[in-house]
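A.B. asks:
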Amino acid sequence: MQDWNTLATDETMLLNTHYTPGRAGRTVDKIVLHHNAGNLSIPDCWNVWQTRAASAHYQVDANGRIGRLVNDTDTAWHSGDWDANLTSIGIEHADVSTSPWLISQATLDNGAHLVAALCHHYGLGRPEWLVNVYPHNHFQATACPASIADTQRDEYMRRAQEYYDQIQGEDNMPTAQEIANAVWNFDQNGVLMRDRVQGTDTAANKTLAIAQRNDGRLARMLMSLKRYTGIPDDDTTTVPDLNNSMTGDRVRRITLMLKRLCGIPDDDTTLPDTITLSDTQLDAIADRVATRLKGNA
Ligand SMILES: [Zn+2]
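For reference, each letter of the sequence shown is one residue, going 1 to 297 in our numbering.
(1) By how many angstroms is the C-alpha of residue 24 removed from the C-alpha of residue 82?
(2) Nearest to residue 10 by CA position, among 16, 64, 20 and 56, is which residue?
(3) Check whether the segment 95-107 touches the segment 30-42, taking contact to mean three or more Cβ pairs, one atom from each stretch, closer than 8 Å.
(4) Quick check on the DSSP output: the alpha helix (DSSP H) that includes residue 134 runs from which residue to which?
(5) Taking 8 Å as the line, does the beta carbon of residue 142 fall inside it for any heavy atom of ligand 1?
(6) For residue 71, which of 79, 88 and 61 has the nearest alpha-carbon?
(7) Which same chain residues, not among the five before or five after residue 85, have their C-beta less than 7 Å away from its C-beta?
(8) Which value, in whole angstroms, describes the spacing of the CA atoms of residue 107 and residue 49?
(9) Tell me residue 59's beta-bridge partners as DSSP assigns them.
(10) Is the Cβ-Cβ distance between residue 131 and residue 160 less than 9 Å?
(11) I believe residue 93 touches residue 103 by the beta-carbon criterion, under 8 Å. Please report the beta-carbon distance rounded to the nearest angstrom.
(12) Quick one, which of 224, 168 and 234 has its alpha-carbon nearest residue 5's?
(13) In the DSSP assignment, the beta strand (DSSP E) including residue 34 goes from what residue to what residue?
(14) Sort 119, 235 and 150 by Cα distance to residue 135 and report the nearest one.
(15) Is residue 152 buried or exposed, if buried means 16 or more other CB atoms sit within 10 Å of its CB?
(16) Please confirm whether residue 92 has its beta-carbon closer than 9 Å to some beta-carbon of chain D.
(17) How many Å lie between residue 274 and residue 122 at the Cα?
(18) Which class does residue 128 belong to by DSSP, given the choice of helix, strand or coil?
(19) Quick check: does the Cβ of residue 138 come within less than 8 Å of any heavy atom belonging to ligand 1?
(20) Would the beta-carbon of residue 69 fall within 9 Å of that of residue 133?
(21) Do residue 192 and residue 181 have their CB atoms nearer than 9 Å?
(22) What residue from 111, 19, 125 and 232 has the CA that sits closest to residue 56's CA?
(23) Between 54, 41 and 1, which lies nearest to residue 15 when the distance is taken from Cα to Cα?
(24) Here's the rule I'm using: 16 or more other beta-carbon atoms within 10 Å means buried, otherwise exposed. How should residue 141 be labelled?
(25) In or out: residue 22 buried (at least 16 other Cβ within 10 Å) or exposed?
Printed below as a string of structure tokens:
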């Protein structure tokens, strides 16, 4: 498989007949497993299904290579049951032995991995036999999928579940700490956010000096921030949550007020850099931003 996340197959040989475009408005809720009853390559499958009225979405060959013959969005003719066809993805597997029937370890491993990737992709949940993964013979009287429903079933499903757990465990989202760090180190017009907030860069220091000469003004600024964000005057612990509480208008008004209190001309587009917060307060803000970005708020 070229990419389990995007379901990019090693080979794509789409049939131009013997499948039904679309799924008649139905959605995928299961995977149906088949065996070739032979050892077919991906082109072999294409040739067979171009001439015989049958098809499946995927073929896993004896080397574990995966071919796509029908798009997932179309209905393949594989289960002998129309309703099952409309709501399933069919996977074929090459046999390497006929007596007894067996698929290779490479086919088993890649077939199971494909089941896991499809269950993840379509939100079907952890692969479970007869819950979201079915043998062909569940829908039609047939010996298919032979060993996959018999001697090799448990290993096949165990690996499908392992791969699924592995995929689910991969958290591609940045951690809260990584997001907090990114916010903290955000570079705004050449000044890092942490410097701006802490007042440790040159530009901020300059404004901080102004504010420090005006303690009374700073206190009034903070009081105004509290009132605009709905924090009681006598609450000395809650950190104003600007993202959550203020509309653009309020932000503009407060910015203007801060500028005037800091002695910055109205038409100067530099933001005031003078509010000094404790490390604890900064951490709390970073955590809130991180939580909101994670969508858990
Ligand atoms: Zn079958």
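Backbone N, C-alpha and C define an ideal beta-carbon position, used for all residues, glycine too. What you are looking at is a predicted structure, and each value in this text was computed from that prediction instead of being measured.
C.D. replies: Taking the geometry as given:
(1) Along the sequence shown, read from residue 1 onward, the residue named residue 82 stands at position 82. Along the sequence shown, read from residue 1 onward, the residue named residue 24 stands at position 24. Their Cα atoms are separated by approximately 11 Å.
(2) The residue you call residue 10 lines up with position 10 of the sequence shown. When only C-alpha atoms are compared, the closest one is 64.
(3) Cβ pair count under 8 Å is three or more, so yes.
(4) Along the sequence shown, read from residue 1 onward, the residue named residue 134 stands at position 134. Following the DSSP letters along the chain, one finds residue 134 in no alpha helix (DSSP H) but inside the beta strand (DSSP E) bounded by residues 133-135.
(5) The residue you call residue 142 lines up with position 142 of the sequence shown. At least one heavy atom of ligand 1 is nearer than 8 Å to the Cβ of residue 142, so yes.
(6) Taking the sequence shown and counting its residues from 1, one reaches residue 71 at position 71. Taking the Cα of residue 71 as reference, the smallest distance to any Cα among 79, 88 and 61 is reached at 88.
(7) Locating residue 85 in the sequence shown gives position 85, counting from the first residue. If we look at residue 85 and ignore the five residues flanking it on each side, its Cβ neighbours are 75, 76, 77, 78 and 79.
(8) Locating residue 107 in the sequence shown gives position 107, counting from the first residue. Locating residue 49 in the sequence shown gives position 49, counting from the first residue. Going by the C-alpha atoms only, they are around 20 Å apart.
(9) Here the question's residue 59 lines up with position 59 in the sequence shown. In the DSSP output, where bridge partners are listed per residue, residue 59 has 67 and 92.
(10) For the purposes of this step, residue 131 is taken as residue 131 along the sequence shown, with counting starting at 1. For the purposes of this step, residue 160 is taken as residue 160 along the sequence shown, with counting starting at 1. In this structure, residue 160 does not lie closer than 9 Å to residue 131 by Cβ.
(11) Taking the first residue of the sequence shown as position 1, residue 93 is located at position 93. Taking the first residue of the sequence shown as position 1, residue 103 is located at position 103. Sure, about 5 Å apart at Cβ, within 8 Å.
(12) Numbered from 1 along the sequence shown, position 5 holds the residue referred to as residue 5. Out of 224, 168 and 234, the CA that lies nearest to the CA of residue 5 is found in 168.
(13) As a working mapping, residue 34 is identified with position 34 in the sequence shown. Where residue 34 is concerned, the enclosing beta strand (DSSP E) stretches over 30-35.
(14) By 1-based counting over the sequence shown, the position of residue 135 is 135. When 119, 235 and 150 are compared, the shortest CA-CA separation from residue 135 is found for 150.
(15) The residue labelled residue 152 in the question sits at position 152 within the sequence shown. Residue 152 is buried by the Cβ-count criterion.
(16) Among the chains of the structure shown, chain D does not appear; only one protein chain is present.
(17) As a working note, residue 274 is residue 274 in the sequence shown. As a working note, residue 122 is residue 122 in the sequence shown. Here residue 274 scores only 45 on pLDDT, less than 50, and its place in the model is too uncertain to base an answer on.
(18) Stepping through the sequence shown from its first residue, residue 128 is reached at position 128. DSSP, read as helix, strand or coil, puts residue 128 in coil.
(19) In the sequence shown, the residue the question calls residue 138 occupies position 138. No, the beta carbon of residue 138 sits no closer than 8 Å to any heavy atom of ligand 1.
(20) Looking up residue 69 in the sequence shown gives position 69. Looking up residue 133 in the sequence shown gives position 133. No, these two residues do not count as a Cβ contact at 9 Å.
(21) Position 192 of the sequence shown, counted from the start, is the residue given in the question as residue 192. Position 181 of the sequence shown, counted from the start, is the residue given in the question as residue 181. Contact flag unset, no.
(22) Start at 1 with the first residue of the sequence shown, and residue 56 comes out as number 56. Comparing Cα positions, the closest option is 19.
(23) Residue 15 sits at position 15 when you count from the first residue of the sequence shown. For residue 15, the closest of 54, 41 and 1 by C-alpha to C-alpha distance is 54.
(24) The count along the sequence shown starts at 1 and reaches residue 141 at position 141. Classification of residue 141: exposed, given that the 10 Å Cβ count is below 16.
(25) Numbered from 1 along the sequence shown, position 22 holds the residue referred to as residue 22. Under this definition residue 22 is an exposed residue.
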